[in-house]
Structures are given as structure tokens and as C-alpha cells.
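K.L.:
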Amino acid sequence: MTIEHDFFGILGSDDEGEVYWSEAVELGNESVDIDLNSPDEASVSVEALDIAAAMIHSIEDLDSQAKESLVADLSADGSQTLQYITQVLGELDDEALANALIWDSGDRQIDFLRSLRLQRVGFHPHHTKGDEHFAVLDYSISPDDTDALLVVVMDVNGDTVAISVES
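Every number in my numbering is 261 more than the matching position in the sequence shown, counting from 1.
#1: Suppose only complete runs of 3+ residues qualify. What are the beta strand (DSSP E) ranges in the segment 337-373, listed by chain order?
#2: Which residues in the same chain have their Cβ closer than 7 Å to the Cβ of residue 348, if we skip the five residues on either side of it in sequence?
#3: Quick one: residues in its chain with C-beta nearer than 6 Å to the C-beta of residue 401, no 5 flanking neighbours on either side, listed in chain order?
#4: If I'm right that residue 328 touches residue 374 with Cβ under 8 Å, what's the distance once you round it to whole angstroms?
#5: Report back the beta-carbon spacing between residue 284 and residue 295 to the nearest angstrom; my notes put them in contact at under 8 Å.
#6: For residue 266, which three-state DSSP category applies?
Dropping the structure here:
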């Protein structure tokens with residue numbers, strides 16, 4: 262069985278295996294890797310593919326929504342966002358940090374978040390219920406200088422369900 266979609270083309274295979282699609286899109290002057298995958302094509306609906314395609318078409322809005330979640334997370338107890346900022350500030354030298362920060366409003370944490378670069382968005386169209394991870398956005402402040410990522414997980418409605426730090 263295969264799935265044919267207007268945006269993604271033909272997905273899947275004759276033996277009902279894994280669904281995978283990838284492409285790079287532009288966000289501002291940066292390239293962002295986008296992938297879509299599911300271990301089982303039978304669990305992927307056309308509606309879920311339509312939602313993923315809409316999110317890709319409005320990648321700027323998705324990025325803004327995720328960054329708003331990061332700002333809101335700053336004040337939470339055990340903030341993953343604050344943990345990421347602290348970790349990366351300890352890793353980067355002054356020159357790398359100066360090159361990474363593209364905003365200078367005087368609020369260092371907000372400038373840091375506004376300077377984050379979206380590296381990758383992974384879509385999981387088989388996760389469409391409740392708080393499942395439908396979209397996973399990987400951010401880095403300086404991909405050449407640190408492996409640390411700030412990860413925002415969104416559900417099928419575009420609501421943030423988790424924020425984590427990965428190295």
C-alpha cells in the first residue's frame with residue numbers, strides 16, 4: 262500500500278513498511294531540514310499529512326510559536342530553556358557567543374532565544390492523539406560550536422507539550 266499526497270508525493274511501499282520523506286526549506290536566510298516519518302504507513306492519515314504540510318508551509322509561524330513557548334518556559338520551575346542557556350553559556354567562548362547572538366536588546370536571555378537557529382523539524386504523522394509528539398523542533402544557538410540542542414515538542418494542534426535539552 263502506498264499513500265499519495267499533493268505535497269509529499271508518493272509515500273510508503275507495497276509491503277506497508279516505513280513512511281519517510283525529507284527536504285530542506287528556507288527560514289529567513291537559513292536552511293532547515295524537514296523530515297516526516299512513521300514506522301507504519303497504515304497508521305498515517307491523509308488529514309495528518311495535510312496538517313504537517315500546512316505546518317511546513319507556515320514554518321515561520323511554527324518557529325515563532327515554539328520560541329514563544331521557550332520564553333514562557335523561562336519562568337517555570339526546572340526550566341529546560343534556562344538549563345540550555347546556562348549549559349551553552351558555559352560551553353561557548355566569548356567570540357563564539359558574540360557571533361551567535363544576533364540580537365542585542367539588553368535582555369540577554371531573550372536575545373539568546375531570539376538568536377536560536379531552527380536546525381530540524383521532524384514530523385510524526387502517526388502521533389495524532391492528545392499530547393503525542395507530532396512535530397519535534399531542534400534548536401541550536403551555534404551548531405558549529407556546540408552539540409547541545411533545545412528541543413520543542415508540539416502536538417497535532419501546534420501546542421507545545423514538552424521542552425527538553427539534548428546533547
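All C-beta atoms, glycine included, are put in the ideal place defined by N, C-alpha and C. Quantities reported herein were computed from a predicted structural model and do not represent experimental measurements.
P.N.:
Taking the coordinates as given:
#1: none
#2: Looking up residue 348 in the sequence shown gives position 87. Cβ within range, chain order: 409, 426.
#3: Taking the first residue of the sequence shown as 1, we reach residue 401 at position 140. Result list for residue 401: 378, 380, 410, in chain order.
#4: Looking up residue 328 in the sequence shown gives position 67. Looking up residue 374 in the sequence shown gives position 113. Sure, about 6 Å apart at Cβ, within 8 Å.
#5: Against the sequence shown, residue 284 aligns to sequence position 23. Against the sequence shown, residue 295 aligns to sequence position 34. About 6 Å separates the two Cβ atoms, so the contact holds.
#6: Here residue 266 corresponds to residue number 5 of the sequence shown, with the count starting at 1. Strand, per DSSP.
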